[in-house]
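Peer 1: My questions all concern the structure below.
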Amino acid sequence: MDQSLWALMISAAFFCATMTMTPGPNNILLAQSGANFGVRATLPHILGIRMGQSILHLSILLGLGALFESWPVLHQILKYLSIAYLLYLAYRVASSSVAGDEDKKDSRPMSLKEAALFQWVNPKSWMATITLCSAFTVTGEGYWLSAILGMLVFNLVGFPASFTWVFIGAAIRNKLNTAKRRMHFNWGMGFLLIASIPMVVH
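In structure tokens form, the structure reads like this:
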């Protein structure tokens, strides 16, 4: 691999760090899950994000982005679906059970499948992936090598970044020792999820 491609991948790593470490729907949900369910129970959520993101990444590389260019109405439909689902998630987070651990029988963290599917309606995932597939790839014979390396870099950076937000949530778990505190925390996370919409939907 030549030096120019190495330099491109280093730049891609910084871009991925910015995308995966800054607040957004995935990270807000991870922090909420870490606070309410702990690190171990949130692991399927983290794995689902990486799986869903990788499938989305590969799909865009294989031509989904070109389809949206040809049919922009499909992109608009996805945008509205994304907003609707983010609002639904914000409601679900804000109204999460505030009962003690022993009473949370009906409350559970996001599953691997749910987290993977969420990437398809997460505007920040689309924005980051489309940028990686365009700005951080090279033309000509090196295109697919740079594209696959970009996918690898995104996962290598994104996986530990996700744990950071779960650990942040888990670190304050002991502080959420009353139903009122848990309720206020869940309301706050729901509000942040709504506040993230205009930042990632253009």
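Following the working numbering, the numbering of the sequence shown begins with 637 at its first residue and continues without gaps. Where a beta carbon is used, it is the ideal one built from N, C-alpha and C, also for glycine.
(1) Please report how far the alpha carbon of Asn-672 lies from the alpha carbon of Leu-641, in whole angstroms.
(2) Which term fits Phe-650, buried or exposed, when burial requires 16 or more other beta carbons within 10 angstroms of its beta carbon?
(3) Go through its chain and collect everything with a Cβ distance to Gly-674's Cβ below 8 Å, but skip five positions before and after it.
(4) Nearest to Met-763 by alpha carbon, out of Ile-696, Ala-726, Ala-677 and Gln-639?
(5) If you count every other CB in all the chains shown that lies within 10 Å of the CB of Asn-662, and 16 or more means buried, which is it?
(6) According to DSSP, simplified to helix, strand and coil, what is Met-746?
(7) Quick check on Asn-758: does DSSP put it in helix, strand or coil?
(8) Using three-state DSSP, classify Ile-696 as helix, strand or coil.
(9) What are the start and end residues of the alpha helix (DSSP H) that includes Leu-785?
(10) Met-825 and Gln-668 look like a contact to me (Cβ under 8 Å); what is the Cβ gap, rounded to whole Å?
(11) Considering only the beta carbon of each residue, do Asn-822 and Ser-690 sit closer than 8 Å?
(12) Would you decide whether Ile-646 is buried or exposed? Buried here means 16 or more other CB atoms lie within 10 Å of its CB.
(13) Less than 8 Å between the CB atoms is what I'm expecting for Ala-783 and Thr-773, so what's the real figure, rounded?
(14) When you compare only the Cα positions, how much space is there between Leu-644 and Glu-777?
(15) Can you find the residues in the same chain that come closer than 6 Å, C-beta to C-beta, to Leu-785, ignoring five residues on each side of it along the sequence?
(16) Going straight from the alpha carbon of Ile-719 to that of Ile-833, what length do you get?
(17) Identify, in the order they occur along the chain, each residue of the same chain with its Cβ nearer than 7 Å to the Cβ of Val-789, setting aside the five sequence neighbours on each side.
(18) Grab me the residues of Leu-748's own chain with a C-beta within less than 6 Å of its C-beta, minus the 5 sequence neighbours each way, in chain order.
(19) Rounded to the nearest angstrom, what separates Tyr-724 and Leu-829 at their Cα positions?
Peer 2: In brief:
(1) The residue you call residue 672 lines up with position 36 of the sequence shown. The residue you call residue 641 lines up with position 5 of the sequence shown. Rounded to the nearest angstrom, the two C-alpha atoms are 42 Å apart.
(2) Sequence index remark: in the sequence shown, residue 650 carries index 14 (1-based). Exposed.
(3) Taking the sequence shown and counting its residues from 1, one reaches residue 674 at position 38. The residues are Ala-806 and Arg-809.
(4) Translated into positions along the sequence shown, residue 763 becomes position 127. Relative to Met-763, the option among Ile-696, Ala-726, Ala-677 and Gln-639 whose CA is nearest is Ile-696.
(5) In the sequence shown, residue 662 corresponds to position 26, counting from 1. Its Cβ being crowded by 16 or more others within 10 Å, Asn-662 is buried.
(6) Looking up residue 746 in the sequence shown gives position 110. In the structure shown, Met-746 sits in coil (DSSP, three-state: anything other than H, G, I, E or B).
(7) The sequence position of residue 758 within the sequence shown is 122, counting from 1. Asn-758 falls in the coil class under three-state DSSP.
(8) On the sequence shown, residue 696 is found 60 positions in, with the first residue counted as 1. Assigned with DSSP and collapsed to three states, Ile-696 falls in helix.
(9) Numbered from its first residue, the sequence shown carries residue 785 at position 149. If you look at Leu-785, you'll find it in the alpha helix (DSSP H) that goes 779-807.
(10) Start at 1 with the first residue of the sequence shown, and residue 825 comes out as number 189. Start at 1 with the first residue of the sequence shown, and residue 668 comes out as number 32. Indeed they touch by this definition, with Cβ atoms about 4 Å apart.
(11) Here residue 822 refers to the residue found at position 186 when the sequence shown is read from its first residue. Here residue 690 refers to the residue found at position 54 when the sequence shown is read from its first residue. With respect to the 8 Å criterion, Asn-822 and Ser-690 are not classified as neighbours on the basis of their beta carbons.
(12) Position 10 of the sequence shown holds residue 646. Counting C-beta atoms within 10 angstroms of its own C-beta, Ile-646 has fewer than 16 neighbours from the protein chains shown and is therefore classed as exposed.
(13) Stepping through the sequence shown from its first residue, residue 783 is reached at position 147. Stepping through the sequence shown from its first residue, residue 773 is reached at position 137. Contact between Ala-783 and Thr-773 holds: CB atoms are separated by about 5 Å, below the 8 Å threshold.
(14) Walking along the sequence shown from the start, residue 644 turns up at place 8. Walking along the sequence shown from the start, residue 777 turns up at place 141. When only Cα atoms are considered, Leu-644 and Glu-777 end up about 16 Å apart.
(15) Start at 1 with the first residue of the sequence shown, and residue 785 comes out as number 149. If we look at Leu-785 and ignore the five residues flanking it on each side, its Cβ neighbours are Met-645.
(16) Position 83 of the sequence shown holds residue 719. Position 197 of the sequence shown holds residue 833. Those two C-alpha atoms are separated by around 7 Å.
(17) Start at 1 with the first residue of the sequence shown, and residue 789 comes out as number 153. Short of 7 Å from the beta carbon of Val-789, and not among the five residues preceding or following it, lie these beta carbons of its own chain, in chain order: Met-645, Ala-648, Ala-649 and Cys-652.
(18) The count along the sequence shown starts at 1 and reaches residue 748 at position 112. So the qualifying residues of the chain are Pro-680, Leu-683 and Gly-684.
(19) As a working note, residue 724 is residue 88 in the sequence shown. As a working note, residue 829 is residue 193 in the sequence shown. CA-CA distance, Tyr-724 to Leu-829, rounds to 10 Å.
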